[in-house]
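Asker: Before anything else, here's the structure in question.
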Amino acid sequence: MTRAFNFSAGPATLPESVLRQAQAEMIEWNGVGASIVEISHRSADFMAVAAAAEADLRSLLSIPDDYAVLFTAGGATTIQALLPLNFAAPGQAADYVITGHWGKTAIKQAAPYVDARIAADAQADGFIDIPPVASWTLSPHSAYVHITANETIHGVEFRDTPDVGTLPLFADFSSSIASEPLDISRYGLIYAGAQKNLGPVGISVLIVRRDLLERAGQPRADIFNYASHAARDSMLNTPPTWNWYLLGLTVKWMLQQGGVEEFARRNAEKAALVYGAIDRSGGFYRNLIKPAVRSRMNIPFFLHNEQLDAVFVSESKAAGLLALKGHKAVGGIRASLYNAMPVAGAQALVTFMHDFQQRHG
């Protein structure tokens, strides 16, 4: 069996070695006589899996001790709705910086529960750049400032951590977590759905400064209260154990590969290959994003003739390059280059792009 290169934006490609280990352990895990999906989440065996996943994630991301790590069911959209319930006092505002589709989603989810204010919005310019921090309109008593670190649809990425003074900076890192070194101490909270760089869909990671948890709001139900989840080591209720296990395997694989420093190198190489092919195509391929904020993880581009989009997707699939169709919100083509995508995948895409241009240019 030959695996294709999967450029899906999420659920995304996983390391083959992780999939093979999970396959081998699916029926019977670690000598316990049952599958990992069959054992109790409160058993000593699974508690060891959970503890190892957290320890490895802390090592991978250099998470400071004064930050709690939560593993929660569901995705980033759920977290976006719960942030104001947990971290904004009644009547308090929260500031949102909108740099693409998911920034718009974040403020939409929060709006029913907080005075969600737009501090900056790049939509008027077509989401091709990030407004400079000096132009942001921040509320001095805001509960937090929220950004989307990487926009998977529009292909815009914060390449530097914005300075918002003493306000807590919250960030959705779903599509760029672990892709390069990150100074977590500059954030009050970061979160990420796992299904792009950390593992399978169905589980998320939330990393939050403990003092923010201590002064958090108190949602009526414990299940929505992050302080309650932290107090119970993310086992307030039955967690998605299979997803947690796979996340742990993926994080361990990243450590074995050399950690975030090595992935930063690989990701820069992959992005340079694909952007280089676009920029040298003489306009046959176009990426509209300002170079300083181009995403390394998600590269959207357009063909000079949109009638060729379907042909490109069909022919690339036949060539073993999957899921290159652009998001319906913007169209075109999109290549997602997460950590598990090898450099060889980017090279194969560039070779195909050159060949396609030769035949259809």
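Take 1 as the starting number for the sequence shown in the UniProt record's numbering and just add one per residue. Heads up, the beta-carbon is just placed ideally off N, CA and C, and yes, glycines get one too.
Going by DSSP, name the residue or residues bridged to A73.
Answerer: Locating residue 73 in the sequence shown gives position 73, where the first residue counts as 1. Answer is I203, bridged to A73.
Asker: Could you check if E157 is buried or exposed, using at least 16 other CB atoms within 10 Å of its CB as the buried criterion?
Answerer: For this step, residue 157 is matched to residue 157 along the sequence shown. E157 is buried by the Cβ-count criterion.
Asker: Determine whether the beta carbon atoms of R230 and L255 lie at a separation below 7 Å.
Answerer: For the purposes of this step, residue 230 is taken as residue 230 along the sequence shown, with counting starting at 1. For the purposes of this step, residue 255 is taken as residue 255 along the sequence shown, with counting starting at 1. A small fix is needed here, since residue 230 is Ala in this sequence, not Arg. Not closer than 7 Å, so no.
Asker: Does L14 come within less than 7 Å of chain C when only Cβ atoms are used?
Answerer: The displayed structure is made up of one protein chain only, and chain C is not part of it.
Asker: In its own chain, which residues sit with a C-beta less than 6 Å from the C-beta of N243, not counting the 5 before and 5 after it?
Answerer: Taking the first residue of the sequence shown as 1, we reach residue 243 at position 243. Within the same chain, N243 has close Cβ partners P200, G202, I203.
Asker: Our contact map puts S295 next to G103 with C-beta atoms below 8 Å; I'd like the distance itself, whole angstroms only.
Answerer: Along the sequence shown, one-based indexing puts residue 295 at 295. Along the sequence shown, one-based indexing puts residue 103 at 103. So it is not a contact: roughly 13 Å between Cβ atoms.
Asker: Could you tell me whether the stretch 106-117 touches the stretch 77-96, where touching means 3 or more Cβ pairs closer than 8 Å?
Answerer: As far as the Cβ criterion goes, the stretch 106-117 touches the stretch 77-96, which means the pair count is three or higher.
Asker: Put K317 into one of helix, strand or coil per three-state DSSP.
Answerer: Taking the sequence shown and counting its residues from 1, the one referred to as residue 317 is at position 317. DSSP places K317 in helix when its eight states are reduced to three.
Asker: Can you tell me which residues form a DSSP beta bridge with L324?
Answerer: In the sequence shown, the residue the question calls residue 324 occupies position 324. Paired residues: none, contrary to the question.
Asker: Going straight from the alpha carbon of A34 to that of L321, what length do you get?
Answerer: Within the sequence shown, numbered from 1, the residue matching residue 34 stands at position 34. Within the sequence shown, numbered from 1, the residue matching residue 321 stands at position 321. Whole-angstrom Cα-Cα distance: 36 Å.
Asker: From P342 to Y191, what distance separates their C-alpha atoms?
Answerer: By one-based count along the sequence shown, residue 342 stands at place 342. By one-based count along the sequence shown, residue 191 stands at place 191. Going by the C-alpha atoms only, they are around 25 Å apart.
Asker: Pop quiz: I333 and F284 are said to be a contact at Cβ under 8 Å. What is the actual Cβ separation, rounded to whole angstroms?
Answerer: Here residue 333 refers to the residue found at position 333 when the sequence shown is read from its first residue. Here residue 284 refers to the residue found at position 284 when the sequence shown is read from its first residue. Not a contact, Cβ separation roughly 12 Å.
Asker: Would you kindly check if the distance between the Cβ of F87 and the Cβ of A143 is under 7 Å?
Answerer: Residue 143 sits at position 143 when you count from the first residue of the sequence shown. Residue 87 sits at position 87 when you count from the first residue of the sequence shown. Yes, these two residues count as a Cβ contact at 7 Å.
Asker: Below 8 Å on the Cβ atoms is my contact criterion, and I expect A12 with S336 to pass it. Report the Cβ-Cβ distance as a whole number of Å.
Answerer: Against the sequence shown, residue 12 aligns to sequence position 12. Against the sequence shown, residue 336 aligns to sequence position 336. Right, the Cβ-Cβ distance comes to about 6 Å (below 8 Å), so this counts as a contact.
Asker: By the three-class DSSP mapping on this structure, what secondary structure does T78 have?
Answerer: Within the sequence shown, numbered from 1, the residue matching residue 78 stands at position 78. Helix, per DSSP.
Asker: Flag this pair as yes or no: are the beta carbons of D56 and K252 separated by less than 7 Å?
Answerer: In the sequence shown, the residue the question calls residue 56 occupies position 56. In the sequence shown, the residue the question calls residue 252 occupies position 252. A contact, by the Cβ cut-off of 7 Å.
Asker: Using three-state DSSP, classify E38 as helix, strand or coil.
Answerer: Position 38 of the sequence shown holds residue 38. Coil at E38, not helix or strand.
Asker: State yes or no: is the C-beta of T250 within less than 7 Å of the C-beta of L198?
Answerer: Position 250 of the sequence shown, counted from the first residue, corresponds to residue 250. Position 198 of the sequence shown, counted from the first residue, corresponds to residue 198. Yes, they are a contact pair.
Asker: Taking 6 Å as the cut-off, is the CB of S8 close to at least one heavy atom of the ligand FMN?
Answerer: Questions concerning the ligand FMN fall outside what the structure shown contains, since it holds no ligand whatsoever.
Asker: Go ahead and label R210 buried or exposed: buried means 16 or more other beta carbons lie within 10 angstroms of its beta carbon, across all protein chains shown.
Answerer: Numbered from its first residue, the sequence shown carries residue 210 at position 210. The residue is exposed, with fewer than 16 neighbouring Cβ atoms inside 10 Å.
Asker: To the nearest angstrom, how far is the alpha carbon of L14 from that of P140?
Answerer: Taking the first residue of the sequence shown as 1, we reach residue 14 at position 14. Taking the first residue of the sequence shown as 1, we reach residue 140 at position 140. Those two C-alpha atoms are separated by around 42 Å.
Asker: Does the distance from the CB of G193 to the CB of S174 come in under 7 Å?
Answerer: For the purposes of this step, residue 193 is taken as residue 193 along the sequence shown, with counting starting at 1. For the purposes of this step, residue 174 is taken as residue 174 along the sequence shown, with counting starting at 1. Yes, these two residues count as a Cβ contact at 7 Å.
Asker: If contact is defined by three or more beta carbon pairs under 8 Å, each pair taking one atom from either stretch, is the stretch 73-87 in contact with the stretch 225-241?
Answerer: Flag = yes, the stretch 225-241 and the stretch 73-87 touch.
Asker: The beta strand (DSSP E) with R117 in it runs from where to where?
Answerer: Taking the sequence shown and counting its residues from 1, one reaches residue 117 at position 117. That run of the beta strand (DSSP E) goes 115-121.
Asker: Sort out for me which residues DSSP pairs T148 with in a bridge.
Answerer: Walking along the sequence shown from the start, residue 148 turns up at place 148. According to DSSP, T148 bridges with D172.
Asker: In angstroms with no decimal places, state the Cα-to-Cα distance between D279 and A271.
Answerer: Here residue 279 refers to the residue found at position 279 of the sequence shown. Here residue 271 refers to the residue found at position 271 of the sequence shown. So the two alpha carbons sit approximately 12 Å from each other.
Asker: Would you report the Cα separation of L189 and D172, rounded to the nearest angstrom?
Answerer: Taking the sequence shown and counting its residues from 1, one reaches residue 189 at position 189. Taking the sequence shown and counting its residues from 1, one reaches residue 172 at position 172. Rounded to whole angstroms, L189 to D172 spans 9 Å at the Cα level.
Asker: Tell me, to the nearest whole angstrom, how far the beta carbon of Q358 is from that of S281; I am working on the premise that it is less than 8 Å.
Answerer: Within the sequence shown, the letter at position 358 stands for residue 358. Within the sequence shown, the letter at position 281 stands for residue 281. At roughly 11 Å, the Cβ-Cβ gap does not stay under 8 Å, so Q358 and S281 are not in contact.
Asker: Between R186 and T161, what straight-line distance do the alpha-carbon atoms span, to the nearest angstrom?
Answerer: As a first step, residue 186 must be located in the sequence shown, where it is residue number 186. As a first step, residue 161 must be located in the sequence shown, where it is residue number 161. Spanning the two alpha carbons is a distance of roughly 8 Å.
Asker: Name the residue from M26, A52, L61 whose alpha carbon lies nearest to the alpha carbon of D233.
Answerer: By 1-based counting over the sequence shown, the position of residue 233 is 233. Of the listed residues, the one whose Cα sits closest to D233 is A52.
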